[in-house]
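> Sharing a structure, written as structure tokens. Questions coming.
2 protein chains.
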Amino acid sequence: MPLDNPKSDFSKWYSEILLRGDIVDARTPIKGANVILPNGYTIWESIKRFLDQQFEATDHKNAYFPLFIPEEFLLRESEHFEGFVPEVAWVTRVGDRELNQKLALRPTSETIMYHMYAQWIKDHSDLPIKYNQWANIIRMDTKETRPLLRDREFQWSEAHTCHAKPEEAVEQVKESMLIYQALFDALGLSYLVVRRPKFDTFPGADYSIAYDAPLTDGRVLQIGTTHNLGQSFAKVFHIKYTDKDGKSQLVYQTCYGVSTRVLAAIIALHGDDQGLILPPKFAPIQIGLVPIFFKEDSDLVKTAIEDLTKELKKAGYKAKADIRESYTAGWKFAEFEMKGVPIRLEIGPRDLKNDSVMLVRRDTGEKQSVKRSDVKKVIKKVMIDIAQNLKMKADDILQQMLHQIDDFEALKKLMSTTRGIAISNWCGEDECAENIKEETSADIRGVREDIEEKPTGPCIVCLEEGKFRVYIAQAY
Amino acid sequence: MPLDNPKSDFSKWYSEILLRGDIVDARTPIKGANVILPNGYTIWESIKRFLDQQFEATDHKNAYFPLFIPEEFLLRESEHFEGFVPEVAWVTRVGDRELNQKLALRPTSETIMYHMYAQWIKDHSDLPIKYNQWANIIRMDTKETRPLLRDREFQWSEAHTCHAKPEEAVEQVKESMLIYQALFDALGLSYLVVRRPKFDTFPGADYSIAYDAPLTDGRVLQIGTTHNLGQSFAKVFHIKYTDKDGKSQLVYQTCYGVSTRVLAAIIALHGDDQGLILPPKFAPIQIGLVPIFFKEDSDLVKTAIEDLTKELKKAGYKAKADIRESYTAGWKFAEFEMKGVPIRLEIGPRDLKNDSVMLVRRDTGEKQSVKRSDVKKVIKKVMIDIAQNLKMKADDILQQMLHQIDDFEALKKLMSTTRGIAISNWCGEDECAENIKEETSADIRGVREDIEEKPTGPCIVCLEEGKFRVYIAQAY
Chain P
63 MPLDNPKSDF
73 SKWYSEILLR
83 GDIVDARTPI
93 KGANVILPNG
103 YTIWESIKRF
113 LDQQFEATDH
123 KNAYFPLFIP
133 EEFLLRESEH
143 FEGFVPEVAW
153 VTRVGDRELN
163 QKLALRPTSE
173 TIMYHMYAQW
183 IKDHSDLPIK
193 YNQWANIIRM
203 DTKETRPLLR
213 DREFQWSEAH
223 TCHAKPEEAV
233 EQVKESMLIY
243 QALFDALGLS
253 YLVVRRPKFD
263 TFPGADYSIA
273 YDAPLTDGRV
283 LQIGTTHNLG
293 QSFAKVFHIK
303 YTDKDGKSQL
313 VYQTCYGVST
323 RVLAAIIALH
333 GDDQGLILPP
343 KFAPIQIGLV
353 PIFFKEDSDL
363 VKTAIEDLTK
373 ELKKAGYKAK
383 ADIRESYTAG
393 WKFAEFEMKG
403 VPIRLEIGPR
413 DLKNDSVMLV
423 RRDTGEKQSV
433 KRSDVKKVIK
443 KVMIDIAQNL
453 KMKADDILQQ
463 MLHQIDDFEA
473 LKKLMSTTRG
483 IAISNWCGED
493 ECAENIKEET
503 SADIRGVRED
513 IEEKPTGPCI
523 VCLEEGKFRV
533 YIAQAY
Chain L
63 MPLDNPKSDF
73 SKWYSEILLR
83 GDIVDARTPI
93 KGANVILPNG
103 YTIWESIKRF
113 LDQQFEATDH
123 KNAYFPLFIP
133 EEFLLRESEH
143 FEGFVPEVAW
153 VTRVGDRELN
163 QKLALRPTSE
173 TIMYHMYAQW
183 IKDHSDLPIK
193 YNQWANIIRM
203 DTKETRPLLR
213 DREFQWSEAH
223 TCHAKPEEAV
233 EQVKESMLIY
243 QALFDALGLS
253 YLVVRRPKFD
263 TFPGADYSIA
273 YDAPLTDGRV
283 LQIGTTHNLG
293 QSFAKVFHIK
303 YTDKDGKSQL
313 VYQTCYGVST
323 RVLAAIIALH
333 GDDQGLILPP
343 KFAPIQIGLV
353 PIFFKEDSDL
363 VKTAIEDLTK
373 ELKKAGYKAK
383 ADIRESYTAG
393 WKFAEFEMKG
403 VPIRLEIGPR
413 DLKNDSVMLV
423 RRDTGEKQSV
433 KRSDVKKVIK
443 KVMIDIAQNL
453 KMKADDILQQ
463 MLHQIDDFEA
473 LKKLMSTTRG
483 IAISNWCGED
493 ECAENIKEET
503 SADIRGVRED
513 IEEKPTGPCI
523 VCLEEGKFRV
533 YIAQAY
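These protein sequences, in sequence, are chains P and L.
Under my numbering, the residue at position 254 of the first sequence is numbered 316, and the numbers go up by one with no gaps.
Under my numbering, the residue at position 170 of the second sequence is numbered 232, and the numbers go up by one with no gaps.
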């Protein structure tokens with residue numbers, strides 16, 4: 063049974079594909095804390111591997127910090143963390159004993175990490191330091207939860223760096239942008255890199271860069287952020303180093319993170335009514351093999367499939383054959399399609415006779431008969447094609463969502479119909495941003511960070527001088 | 063500055079090596095919840111990779127289940143979990159709101175996983191199922207905490223399986239034993255595989271197998287467990303399948319886990335007064351390269367070191383050169399030694415002239431001059447030698463700790479002096495086990511599971527008929 067069409071009912075399609083695509087099971091007894099199923103978990107593990115390689119190449123180190131954060135730490139930086147407080151889960155009891163000081167479960171790890179950094183950093187030779195942590199994060203959002211989009215427990219990577227000079231922190235922000243863009247490009251995602259407006263900057267940060275991916279329902283999803291923290295946390299957590307002249311100096315800091323939200327973007331941007339479509343590099347199964355059984359040739363077909371599977375595995379591909387005789391070939395096709403397997407290979411008696419293999423692309427559905435001896439060569443090429451095609455289609459989705467809008471009424475109409483991303487001018491006043499939010503449920507997401515853009519006219523709301531060319535969209 | 067001798071003051075040595083070997087920093091504000099530092103974290107990641115390969119080869123799937131467990135689940139299986147209750151951390155508040163039902167942080171994941179299994183399993187074709195989870199675990203032990211040995215938050219792998227037939231569960235227990243033994247052997251650990259006595263069986267399990275590693279202070283450390291759960295959890299969580307005759311049947315279950323405790327065993331069994339000694343396969347840095355600078359040849363030496371490092375990396379080795387001129391070669395030697403780097407390569411002007419490289423083994427300290435063109439060949443061999451030597455030395459430690467003891471007074475003496483592992487006979491009565499515990503602080507760890515052993519005389523305590531040949535030791 064096919065799924066709903068993602069374009070006609072995104073919400074229903076998304077809920078269904080999570081379970082049938084083996085990504086998430088939300089039927090847990092705890093709202094917003096779900097099971098990440100094998101297909102979803104394995105994609106996340108490949109994302110982890112990809113980022114770990116990037117981190118290693120740029121001298122980041124992996125470490126693990128405690129889940130618990132003492133209340134006193136959050137109080138100390140309450141100015142920064144006001145926004146998190148309503149979402150913090152508190153451990154107040156152990157067994158039947160009340161704790162003297164209650165413990166927060168990390169909604170993010172600045173406080174506990176920077177407490178350690180203050181102990182680790184002595185002098186300039188200890189800088190820069192760049193640590194990354196893979197961890198579960200707890201944010202007991204009171205709004206409606208949605209798997210991967212808005213979870214109360216989710217997985218993420220958070221990197222936190224310290225530098226001697228402010229310009230090094232600026233460079234570090236750029237390095238993180240390169241790392242994340244490499245990841246998102248490899249995943250075939252489209253996205254905008256924007257600098258958030260002041261009112262939407264991470265509390266305590268000088269400025270925040272965010273990566274917004276378009277979803278097919280016309281909304282956007284923040285799939286990553288980078289913050290230049292300046293010295294504000296360094297002041298609160300006393301992170302100091304002795305410079306070459308023997309003087310004590312505060313460090314400059316950055317932090318950046320991506321979470322399992324990236325999985326939601328992969329699902330939503332690439333999927334169709336047959337299920338998931340996964341980028342080959344990150345697919346838990348890259349090649350699904352299906353024998354087409356006919357009575358007389360069953361054994362030969364089975365052997366041919368098993369030989370090919372072995373050969374592909376040896377060549378480093380994640381190949382899986384489904385040789386069960388109790389399921390039809392059609393059922394197996396649908397199953398591999400639902401799970402997003404990029405390439406399907408079929409062998410039947412006719413293929414055997416012709417010494418060929420039928421190759422089917424998940425993204426386009428195209429079929430081609432491939433000479434047995436060419437299979438590996440063709441797969442290599444098709445995988446590159448699929449990755450490029452996914453990226454191109456995702457870029458198209460983004461392009462189609464972008465609308466140059468200079469009139470507030472037109473913006474209201476857009477956001478109440480197809481939705482999308484409006485490119486408009488803004489005076490920079492919070493009042494106008496609030497006005498937009500109230501009237502359209504959309505947010506000013508920010509100005510482009512990857513390219514320079516100048517305002518082209520007056521503010522879309524108040525018609526005063528436009529100071530920023532901004533991107534406006536409804537967000538998850 | 064060298065460490066203390068591990069044999070003269072294990073406790074002091076262990077605390078020191080954790081920080082200086084870049085394994086754990088326990089200077090956090092939360093007792094028993096520590097920072098796993100890069101060297102420690104990276105070893106844990108290689109253990110994860112090793113087990114994931116084993117799991118994949120044996121059709122286990124990785125998934126992730128929620129950290130939170132509803133109170134009702136723990137109450138439902140209170141019979142099994144009585145032992146955990148005093149250690150459970152409870153989330154009772156979110157922001158400033160009290161929760162209606164408090165949430166436990168997983169002390170282990172049977173309840174939440176089996177609740178999902180009951181929804182997933184319909185008929186016999188769904189069996190067996192074998193899921194593994196990598197997760198952080200919370201046990202607020204009230205006893206003295208010790209990094210990696212007894213933590214309130216730690217990392218682990220827990221696998222949970224369901225089967226149609228009891229004999230399949232028995233086979234699964236054996237499969238898990240093979241997997242864990244492969245891991246421990248690869249890590250060069252020595253260990254006993256024992257079946258725990260009834261009074262020390264995991265609550266709810268038919269029987270428990272445990273892996274006890276010797277530590278150099280004469281105690282043992284449980285580094286893994288496997289439980290045959292029978293049907294007791296299946297009954298409580300209603301995990302049923304429809305068999306081939308259409309009848310509803312309860313599944314049979316097993317579960318098994320290893321945690322970051324394994325890191326403690328690696329440190330304690332292999333380390334010496336110069337620091338860690340890591341098995342090559344799992345070492346974050348396998349080869350440390352140090353240039354021996356002399357004024358006139360500095361550039362040549364540096365280039366030679368960099369070329370060799372590149373070559374080794376290309377060959378797949380984790381190689382790291384320390385070419386900083388502000389540190390002495392001696393300082394760098396000590397640093398690589400402290401972190402357990404298995405092989406050190408040095409190049410100085412004389413080596414350059416002879417077209418050779420000096421190779422130093424971390425485990426034996428042996429030095430040999432190697433022809434430049436033979437380096438990779440020799441490294442390959444030396445790594446195998448080091449792995450074998452570590453395993454041999456660890457086996458020696460275990461052998462030296464084993465004592466055939468048939469007299470209670472002799473047992474008391476052993477446990478109050480050098481400690482060790484006594485092999486004795488036991489009648490099977492709890493009273494005698496309690497007597498041993500009281501008089502010697504040692505536990506009956508169980509009977510050997512990997513080999514068959516029969517009692518050789520009367521019970522060491524009551525002198526009644528000996529029914530079990532048991533291993534007795536003080537444990538962490």
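Ideal Cβ placement from N, Cα and C applies to all residues, glycine included.
Just so you know, these numbers come straight off a predicted model, no measurement behind them.
#1: For a contact meaning CB atoms closer than 8 Å, what does histidine 177 of chain L contact in chain P?
#2: Can you tell me whether histidine 300 of chain L is buried or exposed? The criterion is at least 16 other CB atoms within 10 Å of its CB, across all chains shown.
#3: Cα separation between lysine 184 of chain L and tryptophan 106 of chain P?
#4: Using 7 Å as the limit for Cβ to Cβ distance, is methionine 202 of chain P near chain L?
#5: For glycine 482 of chain P, which residues from the same chain have a beta carbon less than 6 Å from its beta carbon, with the 5 sequence-adjacent residues on both sides left out?
#6: Would you call the CB atoms of tyrosine 253 of chain P and alanine 275 of chain P closer than 7 Å?
#7: Measuring alpha carbon to alpha carbon, tell me which of P:Lys429, P:Ala267, P:Ser108, P:Leu129 ends up nearest cysteine 317 of chain P.
#8: Does arginine 155 of chain P have its Cβ less than 7 Å from a Cβ in chain L?
#9: Taking all protein chains shown into account, decide if glutamine 163 of chain P is buried (16 or more other Cβ within 10 angstroms of its Cβ) or exposed.
#10: For a cutoff of 7 Å on Cβ pairs, would you count phenylalanine 127 of chain L as touching chain P?
#11: Quick one: what's proline 276 of chain L bridged to in DSSP?
#12: Taking the beta carbon of alanine 370 of chain L as the centre, do at least 16 other beta carbons fall within 10 Å, making it buried, or is it exposed?
#13: Going by DSSP, what residue range makes up the alpha helix (DSSP H) through alanine 377 of chain L?
#14: Just grab the DSSP bridge partners of leucine 351 of chain L for me.
#15: State the beta-bridge partners of serine 486 of chain P as determined by DSSP.
#16: Looking at the C-beta of alanine 535 of chain P, does it have a partner C-beta in chain L at a distance below 7 Å?
#17: Under a CB-based cut-off of 7 Å, is glutamate 172 of chain P close to chain L?
#18: Whose C-beta lies closer than 6 Å to the C-beta of proline 512 of chain L among residues of the same chain, with five residues either side of it excluded?
#19: Which whole-angstrom value is the C-beta distance of alanine 166 of chain P and valine 150 of chain P, which I expect to be below 8 Å?
#20: Could you spell out the range, first to last residue, of the alpha helix (DSSP H) harbouring arginine 168 of chain P?
#21: Taking the DSSP output, what are the residues bridged to arginine 208 of chain L?
#22: When the distance is taken between beta carbons, is isoleucine 448 of chain P closer than 7 Å to proline 342 of chain P?
#23: Just confirm the distance between the C-beta atoms of histidine 122 of chain P and proline 91 of chain L, as a whole number of angstroms; I'd bet it's less than 8 Å.
#24: How close, in whole Å, do the beta carbons of lysine 380 of chain P and glutamine 348 of chain P come, if the pair is a contact with beta carbons under 8 Å?
#25: Using beta-carbon positions only, say whether phenylalanine 216 of chain P and isoleucine 199 of chain P come within less than 7 Å of one another.
#26: Could you list which residues in chain L have their beta carbon closer than 7 Å to that of proline 123 of chain P, in chain order?
#27: In chain order, what residues of the region 373–401 of chain L put their CB closer than 7 Å to some CB of chain P?
#28: Out of L:Ala383, L:Ile79, L:Thr120, which has the shortest C-alpha to C-alpha gap to glycine 402 of chain L?
#29: Does the region 409–423 of chain P come close enough to the region 349–368 of chain P that 3 or more CB-CB pairs lie under 8 Å?
#30: Quick one: what's got a C-beta closer than 6 Å to isoleucine 241 of chain P's C-beta in the same chain, skipping five residues either side?
#31: Quick check: the Cα distance between tyrosine 273 of chain P and alanine 537 of chain P, rounded to an integer number of angstroms?
#32: Can you give me the start and stop residues for the alpha helix (DSSP H) that lysine 442 of chain P sits inside?
#33: Please confirm if phenylalanine 117 of chain L has its CB atom under 7 Å from at least one CB of chain P.
#34: When the cut-off is 7 Å and only beta carbons count, does glutamate 541 of chain L lie next to chain P?
#35: For tryptophan 152 of chain P, return the contacting residues in chain L, with the cut-off set at a CB-CB distance below 8 Å.
#36: Specify whether the region 377–393 of chain L and the region 430–437 of chain L touch according to this definition: at least 3 beta carbon pairs, one from each stretch, less than 8 Å apart.
Per the coordinate set shown:
#1: If you number the second sequence from 1, residue 177 of chain L lands on position 115. What histidine 177 of chain L touches in chain P: Thr90, Pro91.
#2: Taking the second sequence and counting its residues from 1, one reaches residue 300 of chain L at position 238. Exposed: under 16 other Cβ atoms inside 10 Å.
#3: For this step, residue 184 of chain L is matched to residue 122 along the second sequence. For this step, residue 106 of chain P is matched to residue 44 along the first sequence. If you take the alpha carbons of lysine 184 of chain L and tryptophan 106 of chain P, they lie about 28 Å apart.
#4: Within the first sequence, numbered from 1, the residue matching residue 202 of chain P stands at position 140. Residue contact check for methionine 202 of chain P against chain L: a CB pair falls below 7 Å.
#5: Counting from 1 along the first sequence, the entry for residue 482 of chain P is found at position 420. Here the set comprises Gly280, Met463, His465, Leu476.
#6: By one-based count along the first sequence, residue 253 of chain P stands at place 191. By one-based count along the first sequence, residue 275 of chain P stands at place 213. Against a cut-off of 7 Å, the Cβ pair of alanine 275 of chain P and tyrosine 253 of chain P comes out as a contact.
#7: Here residue 317 of chain P is taken as the residue at index 255 of the first sequence, counted from 1. The option with the nearest alpha carbon to cysteine 317 of chain P is P:Ala267.
#8: Working through the first sequence from its first residue, we reach residue 155 of chain P at position 93. With 7 Å as the cut-off, arginine 155 of chain P counts as an interface residue toward chain L.
#9: The count along the first sequence starts at 1 and reaches residue 163 of chain P at position 101. An exposed status is given to glutamine 163 of chain P, since fewer than 16 other beta-carbon atoms sit within 10 Å of its beta-carbon.
#10: Position 65 of the second sequence holds residue 127 of chain L. Yes, phenylalanine 127 of chain L lies at the interface with chain P (some Cβ there is under 7 Å from its Cβ).
#11: As a first step, residue 276 of chain L is located in the second sequence; it is residue number 214 there, counting from the start. In the DSSP assignment, proline 276 of chain L forms a beta bridge with L:Val282.
#12: Your numbering for residue 370 of chain L matches position 308 in the second sequence. The sequence given here has leucine at residue 370 of chain L, not alanine. In summary, leucine 370 of chain L is buried, with 16 or more beta-carbon neighbours lying within 10 Å of its beta-carbon over all protein chains present.
#13: As a working mapping, residue 377 of chain L is identified with position 315 in the second sequence. Per DSSP, alanine 377 of chain L lies in no alpha helix (DSSP H) and is assigned neither H nor E.
#14: Reading the second sequence from its first residue, position 289 is the one you call residue 351 of chain L. Per DSSP, L:Ala383, L:Leu407.
#15: Here residue 486 of chain P refers to the residue found at position 424 of the first sequence. For serine 486 of chain P, which the question treats as bridged, DSSP gives the partners P:Val532.
#16: By 1-based counting over the first sequence, the position of residue 535 of chain P is 473. No, alanine 535 of chain P does not count as interfacial toward chain L.
#17: Along the first sequence, read from residue 1 onward, the residue named residue 172 of chain P stands at position 110. So, not an interface residue.
#18: For the purposes of this step, residue 512 of chain L is taken as residue 450 along the second sequence, with counting starting at 1. The identity of residue 512 of chain L in the sequence shown is aspartate, whereas the question assumes proline. Only Val255 meet the Cβ criterion.
#19: Within the first sequence, numbered from 1, the residue matching residue 166 of chain P stands at position 104. Within the first sequence, numbered from 1, the residue matching residue 150 of chain P stands at position 88. Contact check for alanine 166 of chain P and valine 150 of chain P: beta-carbon distance about 5 Å, within the 8 Å limit, so the pair qualifies.
#20: Locating residue 168 of chain P in the first sequence gives position 106, counting from the first residue. Run containing arginine 168 of chain P: none; DSSP gives neither H nor E here.
#21: Sequence index remark: in the second sequence, residue 208 of chain L carries index 146 (1-based). In DSSP, arginine 208 of chain L forms a bridge with L:Arg212.
#22: Numbered from its first residue, the first sequence carries residue 342 of chain P at position 280. Numbered from its first residue, the first sequence carries residue 448 of chain P at position 386. The criterion of a C-beta distance shorter than 7 Å is satisfied by proline 342 of chain P and isoleucine 448 of chain P.
#23: The residue labelled residue 122 of chain P in the question sits at position 60 within the first sequence. The residue labelled residue 91 of chain L in the question sits at position 29 within the second sequence. 25 Å between Cβ atoms; not a contact.
#24: The residue given as residue 380 of chain P occupies position 318 in the first sequence. The residue given as residue 348 of chain P occupies position 286 in the first sequence. About 5 Å separates the Cβ atoms of lysine 380 of chain P and glutamine 348 of chain P, confirming a contact at the 8 Å cut-off.
#25: As a first step, residue 216 of chain P must be located in the first sequence, where it is residue number 154. As a first step, residue 199 of chain P must be located in the first sequence, where it is residue number 137. Taking 7 Å as the cut-off, the beta carbon of phenylalanine 216 of chain P is found closer than this to the beta carbon of isoleucine 199 of chain P.
#26: Taking the first residue of the first sequence as position 1, residue 123 of chain P is located at position 61. Checking the sequence, you will find lysine at residue 123 of chain P rather than proline. Per Cβ cutoff of 7 Å: Pro100.
#27: So the list is empty, because no residue satisfies the distance condition.
#28: Walking along the second sequence from the start, residue 402 of chain L turns up at place 340. Closest option to glycine 402 of chain L, Cα to Cα, is L:Ile79.
#29: Per the Cβ contact rule, the region 349–368 of chain P is in contact with the region 409–423 of chain P (3 or more Cβ pairs under 8 Å).
#30: Within the first sequence, the letter at position 179 stands for residue 241 of chain P. Cβ neighbours of isoleucine 241 of chain P beyond the five flanking positions: Gln116.
#31: In the first sequence, residue 273 of chain P corresponds to position 211, counting from 1. In the first sequence, residue 537 of chain P corresponds to position 475, counting from 1. Between the alpha carbons of tyrosine 273 of chain P and alanine 537 of chain P lies a distance of about 12 Å.
#32: Locating residue 442 of chain P in the first sequence gives position 380, where the first residue counts as 1. If you look at lysine 442 of chain P, you'll find it in the alpha helix (DSSP H) that goes 437–463.
#33: As a position in the second sequence, residue 117 of chain L is number 55, starting the count at 1. So, not an interface residue.
#34: As shown, chain L starts at 63 and ends at 538. That puts residue 541 of chain L outside it, with no answer to give.
#35: Within the first sequence, residue 152 of chain P is the residue found at index 90, counting from 1. Near tryptophan 152 of chain P (Cβ distances below 8 Å), the residues of chain L are Val153, Thr154, Arg155, Val156.
#36: At 8 Å Cβ cutoff, the stretches do not touch.
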